[in-house]
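I have placed the structure first, in the form of structure tokens, so that the comments after it can refer back to it.
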Amino acid sequence: YRTGDITRVLPEPCACGLPLPRIDYLKGRVDDRIVIGSAEKYYPSHFDEVLDPLEEVKDYWIEVTEEDGRDTLNVYILTNNGSGELEEKVIQKLLTIKSLKIDIEQTKTVNTPNIVFVSKAPPSAKRRRLVDKRKKGR
Numbered sequence: 003y004r005t006g007d008i009t010r011v012l013p014e015p016c017a018c019g020l021p022l023p024r025i026d027y028l029k030g031r032v033d034d035r036i037v038i039g040s041a042e043k044y045y046p047s048h049f050d051e052v053l054d055p056l057e058e059v060k061d062y063w064i065e066v067t068e069e070d071g072r073d074t075l076n077v078y079i080l081t082n083n084g085s086g087e088l089e090e091k092v093i094q095k096l097l098t099i100k101s102l103k104i105d106i107e108q109t110k111t112v113n114t115p116n117i118v119f120v121s122k123a124p125p126s127a128k129r130r131r132l133v134d135k136r137k138k139g140r
């Protein structure tokens, strides 16, 4: 089946005894993946891991744009108390994603993320966490 899920087949047999192949946890979906900076592929799970632990962050979504030939992450944070302190926390958490930190600080292919606080999420049947707003064909 072509579901678009990204995972891998586990070689070990199932503990229940069934002879069927097992799959690992889902890393993401092919259509949720986005390439940022020096060709690194990112999934919503990369950002979930670092932003979900922040209690002040109720939800988030990221739009990727291009400015002066560099990628820019516009990180929209749904929160009740946006502050300079929370902005700094969010940026520091994003910099724990090693490949993103390298692209921002060393290869300079990504600008420092813009943090935008919002009080409500945009209406949508299925909102994507990562949205590519760069010009097509780059």
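Under our numbering, think of the first position of the sequence shown as 3, with each following residue one higher. Even for Gly, the Cβ is constructed at its ideal location relative to N, Cα and C. Note that the structure is a prediction, hence the values are computed from the model and not measured.
Could you tell me the boundaries of the alpha helix (DSSP H) in which D50 lies?
46 to 53
Assuming K95 and V52 form a contact by the criterion Cβ under 8 Å, report the distance between their Cβ atoms to the nearest whole angstrom.
4 Å
As assigned by DSSP and simplified to three states, the class of K43
strand
Under 8 Å by Cβ, that's how I've got Y78 and V37 pegged, so tell me the actual separation to the nearest angstrom.
Incorrect: roughly 20 Å between the Cβ atoms, too far for contact.
Sorted by chain position, which residues of the same chain lie with C-beta nearer than 8 Å to T109's C-beta, five sequence neighbours on each side aside?
G39, S40
Which residue marks the beginning of the alpha helix (DSSP H) containing I104, and which one marks its end?
100 to 107
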